[in-house]
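Participant: Here it is: the structure, laid out below.
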Amino acid sequence: MPVLENADYQAPLWLFNGHLQTIYPSLFRKVDGISYNRVRISTPDNDFLDIDMRASKEGEQSTSLVILSHGLEGSSGGQYIKGMVSLLNKEGFDCWAWNFRGCSGEPNKQLRFYHSGATDDLGLVVDKAKALYKNIYLIGFSLGGNLTLKYLGEQAENLCPEIKKAVAFSVPLHLAGSSNRLARWDDWVYTKRFNRNLAKKVRAKAPFFPKELDVTKLDKINPTSVSAYYLATYNLNIGNQEKAIELFNKSAELAPTKLEKATTYYAIATILSNSDKPTCQKMVLNAIE
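If you use this note's numbering, the sequence shown closes out at 317, no skipped numbers anywhere.
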């Protein structure tokens, strides 16, 4: 993939670092006028995915669709998702902003949540879309970008011809390194927010899985380590890594590979494991900072 080293983007002078450029739009950006039609589809393991759809023209279906995958603890209601939907609709694209398991405002049914390597759910959305659209484009943000690129790599030899191109924004290309970066002191504001949301979901799910989840141990997880919370939620560990691995192997579709430690999860879930496989045209847009 060629690298564009000389970008012409210039941030506003008052947004002079990556933290301000991240936090300001998260708090103050508002995209009005975006309403969705929500469709729920079933998964093979008796769970569900909620897809929020918006046509470019009311009452008409375009021939082209963009499937948008949000980031860690995001949803179709994120302002960055709504902003992209608004722009794409104006250009004549229908949009499907799908919500990962547990991210649509309602707890999912099964023990497993979403995670960076759970491309099976994106595959279900694509399967539904290819029966309706001639041209499909994929856009992913952060974790959703990793998910998008990993899906394309896995499907390289069997990628449906309807998928034409893909764009991934702010992708954690190296999951272990990205997790370590979030654990640094100057990223505490993001770590705290992620961990608070993830812990809330674990607590909400615990009554439905009392044998598997013991939330009394949740507070023992290092609050500055988002990697620990990856295990706490994606792998459903409550303060015990061995239990996390056991539950993850039961609930995640990663067979025949079984987890032995957290680094194995990162190795499996990262796009780097199959990024060299030829697929459709792809663009990765990451900030220097």
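Ideal Cβ positions, reconstructed from N, Cα and C, are used throughout, including at glycine. Computed from a predicted model, the values in this text were never measured in an experiment.
Applying the criterion that 16 or more other CB atoms from any shown protein chain within 10 Å of the CB defines a buried residue, is Pro40 buried or exposed?
Facilitator: By the 10 Å Cβ count, Pro40 comes out exposed.
Participant: Between which two residues does the beta strand (DSSP E) carrying Phe197 extend?
Facilitator: Looking at the DSSP string, the run of the beta strand (DSSP E) that includes Phe197 is Ile191 to Phe197.
Participant: Roughly how many angstroms separate the alpha carbons of Lys85 and Gly120, rounded to a whole number?
Facilitator: The straight-line gap from Cα to Cα measures roughly 8 Å.
Participant: Looking at the unbroken alpha helix (DSSP H) that takes in Ile51, where does it start and where does it end?
Facilitator: Looking at the DSSP string, the run of the alpha helix (DSSP H) that includes Ile51 is Gly46 to Phe56.
Participant: According to DSSP, simplified to helix, strand and coil, what is Asp80?
Facilitator: Here Asp80 sits in strand by DSSP.
Participant: Count Cβ pairs between the stretch 169 to 179 and the stretch 141 to 156 that sit closer than 8 Å; are there 3 or more?
Facilitator: Judged by Cβ distances under 8 Å, the stretch 169 to 179 makes contact with the stretch 141 to 156, as three or more pairs qualify.
Participant: Are the CB atoms of Asp122 and Ser97 within a distance shorter than 8 Å?
Facilitator: Contact flag unset, no.
Participant: Note down, in chain order, each residue of its chain lying with its Cβ closer than 6 Å to the Cβ of Lys310, except the 5 sequence neighbours on either side.
Facilitator: Taken in chain order, the residues that qualify are Ala194.
Participant: Please report the straight-line C-alpha distance between Trp216 and Val230, rounded to a whole angstrom.
Facilitator: C-alpha separation (whole angstroms): 21 Å.
Participant: How would you write the range of the alpha helix (DSSP H) that Ser114 sits in, first residue to last?
Facilitator: Note, Ser114: alpha helix (DSSP H), Gln107 to Lys118.
Participant: Rounded to a whole number of angstroms, what is the C-alpha to C-alpha distance between Ala35 and Ala184?
Facilitator: Cα-Cα distance, rounded: 29 Å.
Participant: Tell me whether Tyr52 is buried or exposed, calling it buried when 16 or more other Cβ atoms sit within 10 Å of its Cβ.
Facilitator: Classification of Tyr52: exposed, given that the 10 Å Cβ count is below 16.
Participant: Quick one: grab the DSSP three-state call for Gly181.
Facilitator: Looking at Gly181 - three-state DSSP - the assignment turns out to be helix.
Participant: Could you pull the start and end residues of the beta strand (DSSP E) that Phe169 belongs to?
Facilitator: Asn163 to Phe169 is the span of the beta strand (DSSP E), which, as asked, contains Phe169.
Participant: Please state whether DSSP places Asp75 in a helix, a strand or coil.
Facilitator: In this structure, Asp75 counts as coil in the three-state DSSP scheme.
Participant: What number of angstroms, rounded off, separates the C-alpha of Lys156 from the C-alpha of Pro135?
Facilitator: Each residue's Cα considered, the two are about 22 Å apart.
Participant: On a CA-only basis, which of Thr71, Cys131, Val67 and Gln107 is nearest Ser54? Give me that one, please.
Facilitator: Comparing Cα-Cα distances from Ser54 to each of Thr71, Cys131, Val67 and Gln107, the minimum goes to Gln107.
Participant: Just to confirm before moving on: does the CB-CB distance between Tyr161 and Leu93 stay below 8 Å?
Facilitator: It is a contact, given that the beta carbons lie within the stated cut-off.
Participant: Rounded to a whole number of angstroms, what is the C-alpha to C-alpha distance between Gly130 and Leu187?
Facilitator: Spanning the two alpha carbons is a distance of roughly 27 Å.
Participant: Could you tell me the distance, in whole angstroms, from the CA atom of Thr307 to the CA atom of Lys220?
Facilitator: Between Thr307 and Lys220, the C-alpha separation is close to 37 Å.
Participant: Applying the 10 Å Cβ sphere with the 16-neighbour rule, what's the burial state of Asp60?
Facilitator: By the 10 Å Cβ count, Asp60 comes out exposed.
Participant: For the alpha helix (DSSP H) containing Ala227, name the first residue and the last one.
Facilitator: Looking at the DSSP string, the run of the alpha helix (DSSP H) that includes Ala227 is Trp216 to Lys233.
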